[in-house]
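In the working numbering, the protein residues as written are 925 to 1353.
To keep things clear, I will list the structure first and then write my remarks on it.
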Ligand code: GDP
Ligand code: IMO
Ligand code: MG
């Protein structure tokens, strides 16, 4: 396949970073198309661990180009830190390899402040990452956002900032009863970012279209997951962008025909960080055990992730929403020590059974998952990288997932390391 898109099919943290890093060895260009530094994508290479929030996970390969697309909301403070860290580790030797669309919206200090204030005042918290994501997307939609192209023009930036700050400070002072932000402080702290962004700004649409014409291989890197999607997730417990494959094209500036293959990244169980419904959540010792073995703590905020069984109702919906061609089943090794493994095949609400997730939040919270149970394998499979070396019950579990979902399992992951990967079908061919 020429171009491959990768999306999370649950509530994020499925292991997208690992798979993007793996697939990027077959790609020429890796593009982030939505989200911002709320993402935390982990890549493990031997004893090295890198967590990327903003820069595409393909940056660890020597000869790939990485693009931060127009659909992303970019925090320049995180960008600067991430670039410094990567350079310190010997990566990103050539600045030209990282391109940022001029149309990408910039996260400002008031976005982060408002994110925190809104959460602290809300009766029902979303449990956001506090990275200013929601407020930045609000400004984009209300046509008052500041884009990278605006920030690098001193005059335009000052004008836009002045107009924005007047409104934001009104909200901060009058509604939230908190300290307003000072224009001169923001101008001072954002001054160095002008130079940084000038180094990386590019007409990424023109670049990607040239690449498509030259038949270069492009990998689209999704952040978050399908049920954090602003339209299709468990609203309002979602993020503020479309996380599904449909947004790959508008968030990067390429036509739908530019994506040939979509791979869904999916844990062998389910996790969620932050608030919101989670039908298969295990609140007792089994959930604790999953969290402990799976080291389920957020890569961005360090919060413990809620854990539960595999939910085929959700993943089936994700297959439809994203048009998945294949799945990558992650963290199969985390289930090694479970005597019995459960898969949720449908929901019960009241006296009725449902094959599709409900639309109303209240119904979602009342769902009773209906399980089928399978025998576990009780054998360590960590780092196995040949399908034939998996125990029979692990193969049976994967087979049952395929059967229930009707989509092939292309990749199986058995450990955090790059090499702990079983490739049954490479999406790049
Ligand atoms: P992302 O946001 O989808 O990129 O996922 P995160 O990086 O937030 O979380 C996934 C976590 O699982 C990271 O700590 C990975 O190193 C780890 N991981 C990925 N694949 C595997 C696997 O197959 N087994 C185990 N045990 N850990 C894995
Ligand atoms: P990656 O790319 C898991 C969750 C937050 C919160 C909700 C809204 O690493 O999979 P936001 O800060 O976006 O306004 O928070 O979305 N969330 C994630 N959960 N993985 C992520 O990204 C997430 N990005 C946001 O916890 O519930
Ligand atoms: Mg993550």
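Cβ coordinates follow ideal geometry from the N, Cα and C atoms, glycine included.
Residue i: which of the options sits nearest, CA to CA?
i, options, result
"residue 1003", "988, 1023, 986", "1023"
"residue 1308", "1297, 941, 1239, 1345", "1345"
"residue 1306", "1318, 1235, 1295", "1318"
"residue 1354", "1126, 1086, 1095, 1092", "Missing from the structure shown is residue 1354; the chain here goes from 925 to 1353 and no further."
"residue 933", "1126, 1110, 1169", "1169"
"residue 1176", "950, 951, 957, 1183", "957"
"residue 1182", "1043, 955, 1283", "955"
"residue 1097", "1077, 1129, 945, 1042", "1042"
"residue 1033", "942, 946, 1132, 1104", "1104"
"residue 1115", "1000, 1284, 1238, 985", "1000"
"residue 982", "1133, 930, 995", "930"
"residue 1021", "1283, 979, 1342", "979"
"residue 1127", "1304, 947, 1073", "1073"
"residue 959", "988, 997, 944, 1016", "997"
"residue 963", "1111, 1006, 1211", "1006"
"residue 1292", "1301, 1184, 1280, 1300", "1280"
"residue 1303", "1288, 1262, 1266", "1262"
"residue 1348", "1312, 1325, 1267", "1312"
"residue 1149", "1226, 1166, 1284", "1166"
"residue 1237", "1226, 1214, 1248, 1294", "1294"
"residue 1277", "1285, 1290, 1266, 1265", "1290"
"residue 1055", "1035, 1071, 1063, 1048", "1035"
"residue 952", "965, 987, 1011, 1273", "987"
"residue 969", "936, 1342, 1063, 1117", "1342"
"residue 947", "1288, 985, 1008", "985"
"residue 961", "1015, 1016, 1011, 1061", "1061"
"residue 1140", "1101, 989, 1083", "989"
"residue 1066", "1093, 1286, 973, 1029", "1029"
"residue 1352", "935, 936, 944, 937", "944"
Going by DSSP, name the residue or residues bridged to residue i.
i, result
"residue 1357", "In this structure the chain extends from 925 to 1353, so residue 1357 is not present and cannot be described."
"residue 938", "Partner(s): none; residue 938 has no beta bridge."
"residue 932", "1189"
"residue 996", "959"
"residue 1250", "1187"
"residue 976", "965"
"residue 1298", "1265"
"residue 1292", "1272"
"residue 989", "953"
"residue 1308", "BP columns for residue 1308 are empty, so no partner."
"residue 1278", "1271"
"residue 1345", "1337"
"residue 1071", "1029"
Can you give the beta carbon distance from residue i to residue j, rounded, assuming they're within the 8 Å contact cut?
i, j, result
"residue 1163", "residue 1057", "6 Å"
"residue 1365", "residue 1296", "Because the chain here runs from 925 to 1353, residue 1365 falls outside it and cannot be looked at."
"residue 1050", "residue 1122", "Contact doesn't hold; Cβ gap of about 35 Å is too wide."
"residue 1187", "residue 1334", "7 Å"
"residue 1240", "residue 1329", "6 Å"
"residue 1243", "residue 1336", "Residue 1243 to residue 1336, Cβ: 17 Å. No contact."
"residue 975", "residue 1025", "Actually they are not in contact, since the Cβ atoms of residue 975 and residue 1025 sit about 23 Å apart, beyond 8 Å."
"residue 1340", "residue 942", "7 Å"
"residue 1259", "residue 1232", "Wrong, their Cβ atoms sit about 12 Å apart, outside the cutoff."
"residue 1256", "residue 1156", "Wrong, their Cβ atoms sit about 26 Å apart, outside the cutoff."
"residue 1229", "residue 1197", "5 Å"
"residue 1234", "residue 1194", "6 Å"
"residue 1325", "residue 1253", "7 Å"
"residue 1059", "residue 1038", "4 Å"
"residue 1189", "residue 939", "6 Å"
"residue 1053", "residue 1158", "Between residue 1158 and residue 1053 the Cβ distance is about 16 Å, and since that is not below 8 Å, they are no contact."
Check whether the Cβ of residue i lies closer than 8 Å to any heavy atom of ligand 5, and answer yes or no.
i, result
"residue 1340", "This structure lacks ligand 5; the ligands present are ligand 1, ligand 2 and ligand 3."
Which runs of the beta strand (DSSP E) spanning at least 3 residues fall entirely within the segment 1162-1248, listed in chain order? Those beta strand (DSSP E) runs which fall completely within the segment 1162-1248 and span 3+ residues are 1185-1191, 1194-1196, 1230-1232.
So within the segment 998-1051, which uninterrupted beta strand (DSSP E) runs reach at least 3 residues, ignoring any that extend past its ends? 1022-1025
Please write down, chain order preserved, every residue whose beta carbon lies under 5 Å from a heavy atom of ligand 2. 936, 937, 962, 963, 964, 1051, 1052, 1053, 1057, 1058, 1147, 1148, 1152, 1163, 1197, 1198
Jot down the residue ranges of each uninterrupted alpha helix (DSSP H) in the segment 1083-1154, minimum 4 residues, whole runs only, in chain order. DSSP runs (the alpha helix (DSSP H)) wholly in the segment 1083-1154: 1107-1124, 1128-1137.
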